[in-house]
Amino acid sequence: MVKAAIIDVDLVKHAEAADTEDIDRYLVSQQGMGFETAVRTLLGSFLDKRRASGDARPCGPHHLAPLYAKFFGID
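Going by the numbering used here, 42 is the number at position 24 of the sequence shown; the sequence numbering is gapless.
Structure, rendered in structure tokens:
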């Protein structure tokens with residue numbers, strides 16, 4: 019049960035994020051892999067970058083939405 023939620027609709031901010039360039043680069047190397055394997059690989063590199071900060075939570079609109087959009091060819 020969701021008791022509270024915050025929805026961020028500032029699409030321009032998320033579309034211009036620097037991390038989306040990393041996604042483009044990594045997606046090329048994932049071609050031919052199964053979906054689950056590719057997602058695990060991409061999120062693994064994401065987590066490796068953020069372990070030092072202690073906050074390795076991906077942001078849905080900022081990190082996950084662009085990843086899924088690229089996988090499924092959504093513009």
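C-beta atoms are modelled at their ideal positions from N, C-alpha and C, and glycine is treated no differently.
Counting of Cβ neighbours within 10 angstroms places residue 65 among the exposed residues, the total staying below 16.
Of all alpha-carbon atoms in 87, 51 and 70, the one lying nearest the alpha-carbon of residue 78 is that of 87.
Within the region 42-86, no beta strand (DSSP E) run of at least 3 residues lies entirely inside it. CA-CA distance, residue 51 to residue 58, rounds to 11 Å.
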